[in-house]
Structure formats: C-alpha cells, structure tokens
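Protein sequences, first through last, are from chains A and B.
If you want this note's numbering, it's the position in the first sequence, counting the first as 1, plus 101.
If you want this note's numbering, it's the position in the second sequence, counting the first as 1, plus 349.
Note sheet for the following structure.
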Amino acid sequence: MIRLRVQELTFAYDDSQVVLQGISLEVAPGEMVALLGPNGSGKTTLLKIVLGLLRPHGGQVWLDGQPPDSLSRRRIAQQVAVVPQHFHMPFAFTVQEVVMLGRTPHVTQFMGGESPADRKAVRQALEFTGLTPLASRSFHALSGGERQKVMLALALAQEPRLLLLDEPVAHLDIRHQVETMELVNRLNQEQGLTMIAAMHDLNLAAQYCNRLVMLSHGRIVADGSPSQVLTAENIQGVYGADVCIVPHPTHGTPVILPKFEHKISPQPKPRVRS
Amino acid sequence: MKVVVRRYRLALILGLLLAFLVASMLLAVAIGAVGISPGAILGMIAHKLAPASFAITWRPSEEAIIFDVRLVRVAGAALVGGCLGVAGVLFQGLLRNPMADPYIIGTSAGAALGATLALLLPVGASFLSFGVVPLAAFWGAVGAVLLVYNLARVGGRTPVISMLLAGFAVSSLLAAIMSLLLAVSGGLHLKLPAVFNFLLGGVSVSKWGQLAVILPLAIMGIVLASYFAFHLNAFSLGEEGAAYLGINIEREKLFILAVGSLLTAVAVSLSGLVGFVGLVVPHALRLVLGPDHRLLVPTAALAGGAFLVLADLLARTVLSPTELPVGVLTALLGGPFFIYLLRRTRREYAF
C-alpha cells in the first residue's frame with residue numbers, strides 16, 4: 102500500500118485568501134485517517150492536491166516518493182481512487198456498468214473492451230459492497246445510500262492503493278452511515294487499504310478512524326488518536342461549539358454531545374390514543 | 350453461452366443495422382419518378398462489381414438515373430445521417446445532457462456560417478472550392494461549440510436550460526450574420542434557391558466528386574469517435590469524476606468537441622441545416638441498447654444513416670413532384686419529440 106507524504110503545503114485560489122498554509126502530514130501504508138475541520142478549512146483542497154488536480158503554490162507531495170505532477174492522470178488513477186461527495190448520473194447505466202467505469206484507468210483493450218481482469222475486479226467490488234443482487238438494476242432506481250455504495254464499489258474496482266473519501270456519509274440516514282463506514286472500515290482492516298476521509302461527523306470519525314487530523318484555516322491544529330484530538334478545547338477553538346465529551350458506553354471512544362444553553366423543556370405528556 | 354452472446358452482441362447488432370441501412374438505401378434508390386425494378390438495380394450493382402457475371406437487361410439511361418442521380422444522393426443522405434447521429438452521441442455524452450444535438454446547440458449554425466463564407470469566396474474551380482467548404486464549416490462549428498459550451502457551463506455541469514438558451518442565442522446570432530452576408534453579397538437572387546435549400550436542410554449531393562472529398566473525413570471522424578467512446582462513459586460521472594478515473598479532461602474535451610465539430614461540418618457541407626437527427630437517433634438507440642457509448646457511437650453511425658435515407662425518401666416522394674427539404678421533415682418529426690423530452694425532464698430545469 103501507498104505511503105503519502107505532504108510537506109509544507111501552501112495553496113490559495115485566485116480570488117480568495119490562503120486556503121492551506123504549511124500543511125505537513127505523513128500517512129503510513131494501511132492507516133485510516135479522518136480529516137476534520139469546518140467548511141472552508143481546506144480538507145477538499147488538500148485531497149485535490151494529493152490527487153494532482155490542483156498544483157500547490159508551495160511545498161511538496163509524494164505518493165510513494167513520487168510527486169503527483171510527475172505522473173500521468175492515468176497513472177495516478179491506477180493508484181488513487183476517490184469516493185466523491187456529490188455525483189449526478191445523467192444516463193440510465195446499470196449498477197454493474199457504473200462500477201465498470203472504475204476500470205477506465207486500467208483499460209488496455211481496443212475501444213475500451215473489457216478484459217477478464219476487469220470483470221473479476223467488478224465482480225469482487227460488487228460482492229464486497231453487497232451489491233451483487235442489484236448488479237443489473239438501473240443506477241437511477243437506487244436510494245441515496247445504495248448509490249453511495251455503488252460509488253464505493255466503483256472506487257474499489259479501480260483497485261487503488263490509496264482511497265480518498267470526501268464526506269462519504271454526509272447525506273445518508275443513520276443506517277446507511279453505519280453501513281458505509283463499516284464497509285470502509287472492513288476494507289482497511291481486511292485489505293490494508295490506506296484511506297483518508299474528509300468528514301463532518303466527529304462521532305463517526307471517532308468510532309471508525311484511529312487517527313484524526315484536525316484542520317482549521319488551512320493549518321493542522323491537532324493530529325492523533327480520537328481521544329487526543331477530540332477535546333472540548335479543540336472543538337471550541339476550531340468549530341466554536343460548546344461541547345461535552347463522554348466515553349462511548351461499549352467502545353470507550355469519545356462521543357461528542359453539544360451543550361445546550363436553553364432550559365430543557367418538560368417532557369410532553371404521553372398522549373392517550375383511543 | 351452467455352459470454353459468447355455478449356462477445357458477439359456488438360457484431361450482431363452492427364450486422365443487423367448494416368443490413369437495415371443497405372435495405373433502406375436500395376429502397377430509396379428504387380423509388381422515384383422513373384420506375385426501375387429492384388431486380389434490375391441489384392443486377393446493375395452486380396454488373397458494376399463483376400461485369401462478366403451479369404447480362405445487361407436495362408437501358409443505359411436507367412443506369413445513369415440509378416448511379417448518377419439517385420445513388421449519389423442516397424449515399425450522401427446516409428453519410429449526413431451517420432455523421433449527425435454520431436455527433437449527437439458525442440455532444441450528449443460530453444455535455445452529459447441527453448437533449449444536446451448539433452442543431453440545437455448551435456454547432457450546425459456555426460458550420461453553416463463557415464460554409465456560407467466559403468461559398469461566397471471568389472474561388473474558381475468547383476472541386477477546389479468544395480474542398481474549402483468543409484474546412485470553413487469545421488472552423489465555424491468549432492467556434493460555435495466552444496462559445497455555447499463556455500456560455501452554458503455552470504460549475505462543471507451543463508444544465509438543460511442554460512444549454513438551450515446558449516444554443517438558441519448563438520444559433521440565432523449566427524443565422525442572422527449568415528443572412529446579412531447573403532443580403533449584402535451580390536448576386537443573391539441567383540443563389541437564392543441554393544441558399545434556401547441550405548438553410549432548410551436538403552441533401553444536395555449531385556456529384557460523386559463531392560462524396561469523394563467528404564467520405565474520408567466522415568470515416569475518420571466516426572473511427573476516432575468509436576476509439577474514444579469509452580471515455581465518454583467516464584465523462585458521465587462529470588468532469589471531476591472523469592479526472593478521478595485518470596482522464597486528462599481538458600485535452601479530451603477539446604478532442605471530443607473537435608471530432609463532433611468535424612462530423613457536423615461534414616454533414617452541413619453536404620446538406621445544410623438538418624436538425625434533430627442527432628437527437629432522435631441516439632435517444633432511440635439508448636432506449637434499446639442502454640447508454641454505453643461504446644455501443645452508441647458505431648450504431649448511431651448506421652442507424653443515423655438509415656434514418657436520413659428514409660427521411661429523404663419521404664421528403665422527395667410525399668408531395669411528389671414537389672420535393673420537401675429533408676430538414677423540414679426531420680424538424681416536423683424531431684420537433685415534437687424534443688418537446689416531449691423537454692416536458693419529461695422538466696424537473697431538471699425547474700430550479
């Protein structure tokens with residue numbers, strides 16, 4: 102699996118203030134890292150620089166010792182896959198066809214024909230995500246949670262050595278949030294896939310990732326285990342939110358609860374239905 | 350068994366469509382003011398291919414009608430339809446928008462303006478000037494498509510509404526410029542029937558020489574489009590999604606736009622502004638075959654050809670002896686279809 106090294110990265114979009122200022126980070130093979138931070142803290146920008154889609158103004162990135170801008174887009178896509186936050190599919194592809202798109206960087210056949218290796222990778226990705234029964238359904242007929250799993254399967258069919266996830270559970274209900282995070286976790290545990298996930302949900306990040314990196318205004322303010330990073334002071338400082346932290350009843354990992362300023366209203370009386 | 354079926358599916362579909370195209374062309378060649386039996390036509394073709402094997406049972410004038418009048422026009426129609434069908438697939442795939450069509454997004458108007466400019470140039474020999482027309486049409490198409498593409502794009506997507514508005518605005522502007530050029534150029538009254546035919550869309554191929562110039566360009570466009578069709582599948586995830594899959598999107602986009610413009614230019618230089626072929630044909634194919642562009646590109650070439658051959662046949666026979674411009678017919682068929690699609694997808698532009 103891949104080793105990612107980022108050193109003294111700075112970046113700014115043309116018309117705005119500095120987005121990243123002096124980010125240094127090393128992710129070892131097999132690590133599962135959550136990138137935390139409020140909107141505009143630079144999480145997505147950092148992921149795009151790692152992919153070589155944005156060129157940093159200063160600093161360096163190495164994917165296994167090679168800077169991404171020295172590799173072709175195809176070469177990068179053979180090693181790094183992305184599960185995007187938003188996706189919109191205008192055509193009625195089946196689930197299997199969408200997952201097959203993940204083989205695009207590996208195509209060797211004339212006119213994009215599918216090789217046995219391509220079919221095998223797609224079959225395994227469908228199996229891993231539990232989508233095999235839905236393989237010939239139209240992508241449009243799926244629920245949001247199922248679509249998110251298809252995007253994960255697509256990224257797996259790419260057979261990456263580094264998986265980047267951008268808000269993988271942002272729009273999902275709690276069941277699909279847990280299911281998606283369980284799948285991602287299993288990938289990390291069973292296949293040792295290196296992962297970096299930009300996340301908004303601090304609690305899910307604390308339960309599933311053993312290393313959290315917290316960004317604020319383009320700088321890393323905390324980097325470590327969930328209990329080291331998710332302190333009331335850090336969350337107050339970065340998000341401006343007043344919280345209390347309690348241990349998870351079965352796992353002991355930190356769970357973040359907001360402090361309320363208002364008085365708790367009295368419990369509504371149970372309504373008697375006749 | 351299943352694998353075998355899958356492997357030969359493309360060959361089977363292409364074979365069926367090719368047979369359909371050939372049958373449409375034979376039908377279109379056989380029907381006309383002078384009745385000539387299909388048997389005689391097949392005989393003529395066999396005689397052309399292997400002169401010794403077939404006895405001549407027809408008059409030379411019949412042979413002239415078939416080869417120099419009808420077949421050249423039918424072949425031209427097939428070429429135009431095939432090019433427009435493939436161009437439709439390319440633009441729909443790239444814009445991620447099943448409503449795109451060379452006519453609707455202004456590519457045809459750009460090509461027509463370019464072609465008009467070339468026609469008005471004082472170039473001498475007709476064969477030479479015919480080489481200039483597709484070239485000028487190509488650059489006109491490229492210019493128009495780049496303009497519409499950049500006007501219509503909103504944050505990496507091309508919503509239906511902005512694409513239609515940009516296409517309409519650019520088309521109208523280019524058509525007005527074209528009319529202006531024609532009005533101020535001398536001898537308009539002499540060229541009026543030709544110009545009228547050009548604007549309404551009519552297959553005006555009358556010499557094999559025209560096809561000889563155009564055919565290699567058309568084949569080049571279709572082959573290039575087939576070769577890169579699988580990248581269009583990746584583009585259906587959006588430009589960013591395609592980049593994640595290892596596609597050099599800026600380079601690829603220009604390439605696809607260039608090939609789409611080439612195909613449009615080829616079609617426009619043979620037939621003027623024929624609309625909706627690039628909309629109707631890919632749509633029908635997508636319903637039957639699914640949205641895989643690797644299938645859509647080659648099938649759209651064959652089905653588009655057959656579609657326009659039949660449309661042209663209808664256009665010249667339905668009000669016989671008056672000939673309708675084929676563009677009028679495709680608009681009569683395609684316009685309502687387009688409105689139907691717009692109604693069906695109205696959710697998408699209601700924001």
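Glycine is no exception: its CB is placed at the ideal position from the N, C-alpha and C atoms.
field: Which of helix, strand or coil DSSP assigns to D417(B)
entry: In the second sequence, residue 417(B) corresponds to position 68, counting from 1. DSSP places D417(B) in helix when its eight states are reduced to three.
task: Hey, could you find the ends of the alpha helix (DSSP H) G106(A) is sitting in?
output: Sequence index remark: in the first sequence, residue 106(A) carries index 5 (1-based). Before going further, note that residue 106(A) is Arg rather than Gly in the sequence given. Per DSSP, R106(A) belongs to no alpha helix (DSSP H); it is in the beta strand (DSSP E), 105-113.
field: Pair within 7 Å by beta-carbon distance, Q161(A) and Q108(A)
entry: Stepping through the first sequence from its first residue, residue 161(A) is reached at position 60. Stepping through the first sequence from its first residue, residue 108(A) is reached at position 7. Q161(A) places its beta carbon less than 7 Å from that of Q108(A).
message: With the cut-off set at 7 Å, would you say T648(B) and L657(B) are in Cβ contact?
response: Locating residue 648(B) in the second sequence gives position 299, where the first residue counts as 1. Locating residue 657(B) in the second sequence gives position 308, where the first residue counts as 1. Going by C-beta atoms, T648(B) is not nearer than 7 Å to L657(B).
field: Cβ of P206(A) within 7 Å of any chain B Cβ
entry: Translated into positions along the first sequence, residue 206(A) becomes position 105. By this cut-off, P206(A) is an interface position.
Helix, strand or coil at G325(A) [DSSP, three-state]: Residue 325(A) sits at position 224 when you count from the first residue of the first sequence. In the three-state scheme derived from DSSP, where H, G and I count as helix and E and B as strand, G325(A) is classed as strand.
CB contact flag (H241(A), A193(A), <7 Å): The residue you call residue 241(A) lines up with position 140 of the first sequence. The residue you call residue 193(A) lines up with position 92 of the first sequence. Contact: yes.
- prompt: So, is the C-beta of F240(A) closer than 7 Å to a C-beta in chain B?
  reply: Along the first sequence, one-based indexing puts residue 240(A) at 139. Not a single CB atom of chain B sits nearer than 7 Å to the CB of F240(A).
message: Am I right that A486(B) and A458(B) are in contact with their C-beta atoms under 8 Å? What's the rounded C-beta distance?
response: Locating residue 486(B) in the second sequence gives position 137, counting from the first residue. Locating residue 458(B) in the second sequence gives position 109, counting from the first residue. Not really, about 11 Å apart at Cβ, beyond 8 Å.
field: Closest residue to S575(B) among F625(B), L420(B), H642(B), L470(B) (Cα-Cα distance)
entry: Residue 575(B) sits at position 226 when you count from the first residue of the second sequence. It is H642(B).
field: Minimum C-alpha distance to A377(B) - residue among I414(B), L420(B), L691(B)
entry: The count along the second sequence starts at 1 and reaches residue 377(B) at position 28. When the alpha-carbon of A377(B) is set against those of I414(B), L420(B), L691(B), the nearest one is in L420(B).
Near-chain A residues of the region 638-656 of chain B (beta-carbon distance less than 8 Å), N- to C-terminal order: Contact residues of the region 638-656 of chain B toward chain A are G639, P640, D641, R643 (C-beta to C-beta distance below 8 Å).
- request: Compute the Euclidean distance between the alpha carbons of L121(A) and L155(A), then round it to the nearest angstrom.
  value: In the first sequence, residue 121(A) corresponds to position 20, counting from 1. In the first sequence, residue 155(A) corresponds to position 54, counting from 1. Taking the straight line from one Cα to the other gives about 12 Å.
task: For the region 230-261 of chain A, enumerate the residues whose C-beta is nearer than 7 Å to any C-beta of chain B, in chain order.
output: Listed in sequence order: no entries.
field: 7 Å Cβ shell around L255(A) - same chain, five flanking residues per side excluded
entry: What you label residue 255(A) is simply residue 154 of the first sequence in a count that begins at 1. Taking L255(A) as the centre and dropping the five residues before and after it, the same chain places the C-beta of V199, V200, L202, G203 closer than 7 Å to its C-beta, in chain order.
- request: Could you confirm whether any beta carbon from chain A is found closer than 7 Å to the beta carbon of F687(B)?
  value: For this step, residue 687(B) is matched to residue 338 along the second sequence. Chain A contact via Cβ: absent.
- prompt: Going along chain B in order, which residues have a C-beta closer than 7 Å to the C-beta of V183(A)?
  reply: Position 82 of the first sequence, counting from 1, holds the residue named residue 183(A). Under the 7 Å cutoff, chain B gives Y593.
- prompt: Hey, is V196(A) close to the ligand GDP, as in C-beta under 6 Å from one of its heavy atoms?
  reply: The ligand GDP is absent from the structure shown, which contains no ligands of any kind.
task: Using only alpha-carbon positions, find the residue among A532(B), L530(B), A501(B), L531(B) that is nearest to A518(B).
output: Along the second sequence, one-based indexing puts residue 518(B) at 169. Comparing Cα-Cα distances from A518(B) to each of A532(B), L530(B), A501(B), L531(B), the minimum goes to A501(B).
message: Beta-carbon within less than 6 Å of A664(B)'s beta-carbon, same chain only, minus the 5 sequence neighbours each way: which residues are those?
response: Reading the second sequence from its first residue, position 315 is the one you call residue 664(B). Excluding sequence positions up to five before and after A664(B), its CB lies within less than 6 Å of the CB of L673, V675, L678, all in the same chain and listed in chain order.
- request: Please report how far the alpha carbon of Q180(A) lies from the alpha carbon of R262(A), in whole angstroms.
  value: Taking the first residue of the first sequence as position 1, residue 180(A) is located at position 79. Taking the first residue of the first sequence as position 1, residue 262(A) is located at position 161. Each residue's alpha carbon lies about 5 Å from the other.
query: Can we say the region 618-626 of chain B touches the region 389-401 of chain B, given the rule of at least three CB pairs closer than 8 Å?
result: Contact between the region 618-626 of chain B and the region 389-401 of chain B is absent, because fewer than three Cβ pairs lie under 8 Å.
message: On the criterion of 16 or more Cβ atoms from any shown chain inside 10 Å, does L477(B) qualify as buried, or is it exposed?
response: Counted from its first residue, the second sequence places residue 477(B) at position 128. Confidence in L477(B) is poor, its pLDDT being 49 and thus under 50, which makes the residue's placement too unreliable to answer from.
task: Compare the beta carbon distance of L612(B) and G570(B) with 7 Å and say whether it is the shorter of the two.
output: Mapped onto the second sequence, residue 612(B) falls at position 263. Mapped onto the second sequence, residue 570(B) falls at position 221. Going by C-beta atoms, L612(B) is nearer than 7 Å to G570(B).
query: R312(A) bridges to which residues according to DSSP?
result: Residue numbering aside, residue 312(A) sits at position 211 when the first sequence is read from its first letter. Note: R312(A) sits in a beta bridge opposite V134(A).
field: Cβ pair N582(B), M512(B) closer than 7 Å
entry: Here residue 582(B) corresponds to residue number 233 of the second sequence, with the count starting at 1. Here residue 512(B) corresponds to residue number 163 of the second sequence, with the count starting at 1. No, the Cβ-Cβ distance between N582(B) and M512(B) is not below 7 Å.
field: Contact with chain A by Y576(B), beta-carbon distance below 7 Å
entry: For the purposes of this step, residue 576(B) is taken as the residue at position 227 of the second sequence. It does; some Cβ of chain A falls within 7 Å.
- prompt: What separation, rounded to the nearest whole angstrom, lies between the Cα atoms of H396(B) and I405(B)?
  reply: Here residue 396(B) corresponds to residue number 47 of the second sequence, with the count starting at 1. Here residue 405(B) corresponds to residue number 56 of the second sequence, with the count starting at 1. Spanning the alpha carbons of H396(B) and I405(B) requires a straight line of approximately 8 Å.
field: Counterpart residues of R320(A) in DSSP-defined beta bridges
entry: Taking the first residue of the first sequence as 1, we reach residue 320(A) at position 219. DSSP lists S317(A) as partners of R320(A).
task: Please report how far the alpha carbon of G353(A) lies from the alpha carbon of N597(B), in whole angstroms.
output: The residue given as residue 353(A) occupies position 252 in the first sequence. The residue given as residue 597(B) occupies position 248 in the second sequence. Separation of G353(A) and N597(B) (C-alpha to C-alpha, rounded to the nearest whole angstrom) is 46 Å.
- request: Given a cut-off of 7 Å, decide if G138(A) and M296(A) are closer than it, judged by their beta-carbon atoms.
  value: By 1-based counting over the first sequence, the position of residue 296(A) is 195. By 1-based counting over the first sequence, the position of residue 138(A) is 37. It is not a contact, given that the beta carbons lie outside the stated cut-off.
- request: At 4 residues or longer, and completely inside the region 204-260 of chain A: list those alpha helix (DSSP H) runs for me, N to C.
  value: Restricting attention to alpha helix (DSSP H) runs no shorter than 4 residues, the region 204-260 of chain A encloses them at 217-229, 245-258, ordered along the chain.
- request: Would you tell me roughly how many angstroms separate the C-alpha atoms of S553(B) and V418(B), rounded to the nearest one?
  value: If you number the second sequence from 1, residue 553(B) lands on position 204. If you number the second sequence from 1, residue 418(B) lands on position 69. Cα to Cα, S553(B) sits roughly 11 Å from V418(B).
task: For L126(A), go through chain B and note every residue whose CB falls closer than 9 Å to its CB, in chain order.
output: For this step, residue 126(A) is matched to residue 25 along the first sequence. Within chain B, no residue comes near L126(A); the closest Cβ sits about 21 Å away, beyond 9 Å.
task: List the endpoints of the continuous alpha helix (DSSP H) containing V200(A).
output: Within the first sequence, residue 200(A) is the residue found at index 99, counting from 1. From DSSP, the alpha helix (DSSP H) with V200(A) extends over 196-201.
query: Going by Cα to Cα distance, which pick from Y357(B), G388(B), V423(B), A389(B) is closest to L370(B)?
result: Along the second sequence, one-based indexing puts residue 370(B) at 21. Nearest of Y357(B), G388(B), V423(B), A389(B) to L370(B), Cα basis: V423(B).
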